[in-house]
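K.L.:
Take a look at the following structure, please.
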């Protein structure tokens, strides 16, 4: 009986070791997958930015003239729909730039899980109404780094017509994963958000526009 008990403990130990090794292997595979997904998304976003910049540079003279007007059209009519430009099959409202993180990314006009895998998306609101919310995946090439931003850091949004909106980070807060009301609450000119590392909550970066 004594030997049988010892054999049982040995088998149990081997089984637990095997399970542990499988869990480690699964974690490593998941890490590799996430890194590859991040790299893929980063490359796709970079390609979209290059394409979008080339399209913006080729704006018709009419739009160039409008941009030089004393009062831009969006200020006369802030309720207007934000213009879009098609980039690689996606309708984009503009580009977001975060100098502290070395990021410049396209912003897709509407969000979905599939679109978020390509680039950050407008979740709601408008730059013209000073209530835009932009969602981004927790990829290191997308919005993972926004959790490290500090109050005073610069954020720049350029719309599809080339109008530039400058912001500074005011605060960063953690919002429950399903607390949509809290995410949309408050008088913020711009909000950027992404999942926390554990994925159960959202990191929300609140910004104020810097008026010229």
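Numbering (the working numbering), first residue to last: 1422 to 1633.
Virtual Cβ for every residue (Gly too), placed ideally from N, Cα, C.
With burial defined as no fewer than 16 other Cβ atoms inside 10 Å of the residue's Cβ, what is the status of residue 1611: buried or exposed?
P.N.:
As a working note, residue 1611 is residue 190 in the chain shown. With 16 or more other Cβ atoms within 10 Å, it is buried.
K.L.:
For residue 1615, does the count of other Cβ atoms within 10 angstroms reach 16, so buried, or fall short, so exposed?
P.N.:
The residue given as residue 1615 occupies position 194 in the chain shown. Residue 1615 should be labelled buried.
K.L.:
Ends of the alpha helix (DSSP H) at residue 1537?
P.N.:
Here residue 1537 refers to the residue found at position 116 when the chain shown is read from its first residue. Unbroken alpha helix (DSSP H) run through residue 1537: 1534 to 1537.
K.L.:
Taking the alpha-carbon positions, what's the residue 1576 to residue 1551 distance?
P.N.:
If you number the chain shown from 1, residue 1576 lands on position 155. If you number the chain shown from 1, residue 1551 lands on position 130. Roughly 14 Å separates the two Cα atoms.
K.L.:
With a Cβ-Cβ cutoff of 8 Å, do residue 1544 and residue 1532 count as a contact?
P.N.:
What you label residue 1544 is simply residue 123 of the chain shown in a count that begins at 1. What you label residue 1532 is simply residue 111 of the chain shown in a count that begins at 1. It is a contact, given that the beta carbons lie within the stated cut-off.
K.L.:
If I'm right that residue 1473 touches residue 1516 with Cβ under 8 Å, what's the distance once you round it to whole angstroms?
P.N.:
Locating residue 1473 in the chain shown gives position 52, where the first residue counts as 1. Locating residue 1516 in the chain shown gives position 95, where the first residue counts as 1. Their Cβ separation, rounded to whole angstroms, is 6 Å, which keeps residue 1473 and residue 1516 in contact under 8 Å.
K.L.:
Of all the options 1567, 1519, 1498, which has the alpha carbon lying nearest to the alpha carbon of residue 1623?
P.N.:
Looking up residue 1623 in the chain shown gives position 202. Minimum Cα distance to residue 1623 is reached at 1567.
K.L.:
Would you please state the rounded distance, in angstroms, between the beta carbons of residue 1600 and residue 1503? I believe it to be under 8 Å.
P.N.:
As a working mapping, residue 1600 is identified with position 179 in the chain shown. As a working mapping, residue 1503 is identified with position 82 in the chain shown. That belief does not hold up - the Cβ atoms of residue 1600 and residue 1503 are roughly 26 Å apart, past 8 Å.
K.L.:
Going by DSSP in three states, residue 1625 sits in which element: helix, strand or coil?
P.N.:
As a working note, residue 1625 is residue 204 in the chain shown. Of the three classes helix, strand and coil, the one that applies to residue 1625 here is strand, per DSSP.
K.L.:
Along the beta strand (DSSP E) that carries residue 1544, what are the first and last residues, could you check?
P.N.:
For this step, residue 1544 is matched to residue 123 along the chain shown. Note, residue 1544: beta strand (DSSP E), 1542 to 1545.
K.L.:
CA-CA distance, residue 1594 and residue 1560?
P.N.:
Numbered from its first residue, the chain shown carries residue 1594 at position 173. Numbered from its first residue, the chain shown carries residue 1560 at position 139. Near 19 Å, if we compare the C-alpha coordinates of residue 1560 and residue 1594.
K.L.:
Thinking just about the alpha-carbon of each residue, which of 1629, 1584, 1627 is nearest to the one in residue 1495?
P.N.:
By one-based count along the chain shown, residue 1495 stands at place 74. When only C-alpha atoms are compared, the closest one is 1584.
K.L.:
In the structure shown, what three-state DSSP assignment does residue 1601 receive?
P.N.:
Here residue 1601 is taken as the residue at index 180 of the chain shown, counted from 1. Note: residue 1601 maps to helix in three-state DSSP.
K.L.:
Are there any heavy atoms of the ligand ATP lying less than 7 Å away from the beta-carbon of residue 1474, as far as the coordinates show?
P.N.:
You won't find the ligand ATP in this model; it holds no ligand whatsoever.
K.L.:
To which residues of the same chain is residue 1588 closer than 8 Å at the C-beta, ignoring the five residues directly before and after it?
P.N.:
Here the question's residue 1588 lines up with position 167 in the chain shown. If we look at residue 1588 and ignore the five residues flanking it on each side, its Cβ neighbours are 1575, 1576, 1577, 1578, 1610, 1611, 1628, 1629, 1630, 1631.
K.L.:
Quick check on DSSP: helix, strand or coil for residue 1636?
P.N.:
Residue 1636 lies beyond the residue range present for the chain, which begins at 1422 and ends at 1633; the question has no answer from this structure.
K.L.:
Could you check the C-alpha separation between residue 1572 and residue 1598 for me, to the nearest Å?
P.N.:
Counting from one through the chain shown, the residue named residue 1572 turns up at place 151. Counting from one through the chain shown, the residue named residue 1598 turns up at place 177. Spanning the two alpha carbons is a distance of roughly 23 Å.
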